[in-house]
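Undergrad:
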Amino acid sequence: MDTSSRDRIRAHARPFQWLWQYASPQRFYPVAGRLVPYCLASALLLVLVGLYVGFFVAPTDHQQGDAYRIIFVHVPAAWLSMLIYVVMAFWAGLGWVLNTRLSSMMARALAPTGALFTFLALWTGGLWGKPTWGAWWVWDARLTSDLILLFLYIGFMALQAATDDPRRGDKAGAVLALVGVVNVPIIYFSVQWWNTLHQGASISFKAAPTMGSTMLLGMLLCALGFWAYAIGVALMRLRNIVLEREGESDWVQGLPEVAVKKEPV
Amino acid sequence: MWVVFLAVIQRDLMLAFRRRADVLTTLFFFLMVVALFPLGVGPERDLLRTMAPGILWVAALLASMLSLGRLFALDHADGTLEPMLLSPEPLTVIVAGKVLAHWLVSGLPLVALAPLLALQFDLPPDAIGVLLASLLLGTPTMSLIGGVGAALTLGLRGGGVLLALLVLPLYIPILIFGSGAVVAQSTGLGSSAHLQLLGGVLAAACALTPWATAAALRIALD
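Protein sequence lines, in the order shown, are assigned to chains A and B.
Going by this note's numbering, the first sequence opens with residue 2, and the numbers climb by one from there.
Going by this note's numbering, the second sequence opens with residue 68, and the numbers climb by one from there.
1. Is there a C-beta anywhere in chain B that falls below 7 Å from the one on Ile149 (chain A)?
2. Can you pull the chain B residues whose beta carbon is under 8 Å from the beta carbon of Arg169 (chain A), in chain order?
3. At a CB-CB cut-off below 7 Å, which residues of chain A make contact with Ala283 (chain B)?
4. Interface residues of chain B around Ala156 (chain A) at Cβ under 7 Å?
5. Assess, as a yes-or-no matter, whether the segment 165-184 of chain A is touched by the segment 91-106 of chain A under the definition of 3 or more beta carbon pairs within less than 8 Å.
6. Are the C-beta of Ala163 (chain A) and some C-beta of chain B separated by less than 7 Å?
7. Considering only residues of the same chain and omitting the five flanking positions on each side of Ser253 (chain B), which have a CB-CB separation below 6 Å?
8. Let me know if Met151 (chain B) comes out buried or exposed under the rule of 16 or more other beta-carbons within 10 Å of its beta-carbon.
9. Determine the chain B residues that contact Ala159 (chain A) at a beta-carbon separation under 8 Å, and present them in chain order.
10. Can you give me the C-alpha to C-alpha distance between Ala144 (chain B) and Leu217 (chain A), rounded to a whole angstrom?
11. Please state if the CB of Ala272 (chain B) and the CB of Leu202 (chain B) are separated by a distance shorter than 7 Å.
12. Does any residue of chain B have a CB that is nearer than 7 Å to the CB of Leu153 (chain A)?
13. Can you tell me which of B:Gly214, B:Pro191, B:Gly146 puts its alpha carbon nearest to the alpha carbon of Trp278 (chain B)?
14. Name the chain A residues that come within less than 7 Å of Leu133 (chain B), Cβ to Cβ?
15. Which residues in chain A sit within 7 Å of Leu219 (chain B), going by Cβ to Cβ distance?
16. Please determine if the segment 77-95 of chain A and the segment 112-122 of chain A are in contact, where contact requires at least 3 C-beta pairs separated by less than 8 Å.
17. Below 6 Å CB to CB, which residues in the same chain sit around Val76 (chain A) once its five sequence neighbours on both sides are set aside?
18. Short of 7 Å in beta carbon distance, which residues of its chain neighbour Thr125 (chain A), apart from the five on each side in sequence? Order them along the chain.
19. Starting from the N-terminal side, write out each stretch of the alpha helix (DSSP H) that is 4 residues or longer and does not extend beyond the segment 93-124 of chain A.
20. Quick check on Phe56 (chain A): buried or exposed, where buried means 16 or more other Cβ atoms within 10 Å of its Cβ?
21. Do Leu239 (chain A) and Ala110 (chain A) have their C-beta atoms within less than 7 Å of each other?
22. Is the CB-CB distance between Pro176 (chain B) and Leu199 (chain B) below 7 Å?
23. Would you say Ile239 (chain B) faces chain A, with C-beta separation under 7 Å as the test?
24. How is the alpha helix (DSSP H) around Leu49 (chain A) delimited, first residue to last?
25. Excluding five sequence neighbours on each side, which residues of the same chain lie with their C-beta closer than 7 Å to the C-beta of Ala251 (chain B)?
26. Counting pairs of beta carbons, one from the segment 131-138 of chain A and one from the segment 238-252 of chain A, are three or more of them closer than 8 Å?
27. With a 10 Å radius around its C-beta and 16 neighbouring C-beta atoms as the bar for buried, classify Val41 (chain B) as buried or exposed.
28. Per DSSP, what kind of secondary structure is Gly146 (chain B) in: helix, strand or coil?
29. For Leu36 (chain A) and Ala24 (chain A), I'd like the C-alpha separation in whole angstroms.
30. Given this structure, state the Cα-to-Cα distance separating Val160 (chain B) from Ser131 (chain B), to the nearest angstrom.
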């Protein structure tokens, strides 16, 4: 942006004034475009290193053998599914309260990724459960509440798909997401509150982790990689949503990827 | 405020009474769904006795959900919903009145009929008592939470199925505790924990959902 407008903004400065401009879809679109390659590249790197540590460096578990190695996909996916729901509810709520379009667009962009990670967590959990518990699925508290999370994501996407008016869809989705956010603590604490077949938390803020350090390292690397992937993909989807919703405006029409090449008359 | 609350309830009850058929169809749906399960799984008594809490609860849940469409749609169709939004009275009070009237008309008859149907499944009397208590606590919660869904989907295509998709995940905890209370009673563990949790969920729903429903109505009608 040119220096004169930057100086004008500095003259009326509020804290973080320079940040508020990115609430505009027009301002944030190129920023998101620049962030996406870094996010996806670091995601690829982190996941590859994490999986290498998980599959080749971490020792074999003395109880479960090598079947436990699916933890390096299952746990990061489950963490991301809960995190993305909370973040989605946050952005949707912010868009509703402050009436900012871009925040609600971000919530829309996050929902499919969150649903995918929830499905991945459930699916890999089933693949892990068959050799270790003897069942693809049990109806214990954690699995059931995670299934409810998947239904909440799908309900969020269905409600917004069924609403023709985008702003109504944004706000209605915000109400639904905020009502459903109460499910996330239930999932997290379900293994403490109920007798569940699913194991309890091995990692807490209060005590040393009860799992081997290389296993923990692999899991954390994969979690960071999935997180970077989620951010990258959500930003890509956000750019598409911005193009769709702001398509009539001049700045979108002028974009090189949108502008129709006119034949010289 | 109290006057408005009672006036809304009286109006909705009067309108429901004039369309008794709508109310009775919900009740007969409940009856028929409960009858379908023994026909599907076979008449073996022990199996049915074990499954009875779940069957009765799921049928009550489905019947309650089907009747949610009537909560706001009829008023929206004839134009009486907008004045409610514009009124100087708090919309949360009006919404709470409508939901209570909806429960009196759709939920309470299910609670009244459930013990009779529980006899068909050979449930013992103490379990029937717990079933009554759990439904009495659960059906108003379902009306309250369903009200949020009904307000969100007002006028949308996709209709009743979309409402079901939105509201069922939120109903699942109520189903788990409600049915679990009866099962706990039958297995001798005692149902007090489940019933207290149901009561807690009802209290939270009474406090929070009218506000969410009112907000959703404003979103739907602006």
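Glycine included, C-beta positions come from ideal geometry on N, C-alpha and C.
TA: Short version:
1. yes
2. Ile286, Ala287, Asp289
3. Ala173, Val176
4. Reading off the sequence, residue 156 (chain A) comes out as Gly, not Ala. Per Cβ cutoff of 7 Å: Leu232, Leu233, Pro236.
5. yes
6. yes
7. Ala194
8. buried
9. Gly225, Leu229, Leu232, Leu233
10. 58 Å
11. no
12. yes
13. B:Gly214
14. Under the 7 Å cutoff, chain A gives no residues; its nearest Cβ is about 17 Å from Leu133 (chain B).
15. Leu160, Ala173, Val176, Leu177
16. yes
17. Met220
18. Ile71, Val74, His75, Ala78
19. none
20. exposed
21. yes
22. no
23. yes
24. 26-53
25. Gly257, Ser258, His261
26. no
27. Residue 41 (chain B) cannot be examined here, being either before or after the span of chain B that is shown, 68 to 289.
28. coil
29. 16 Å
30. 22 Å
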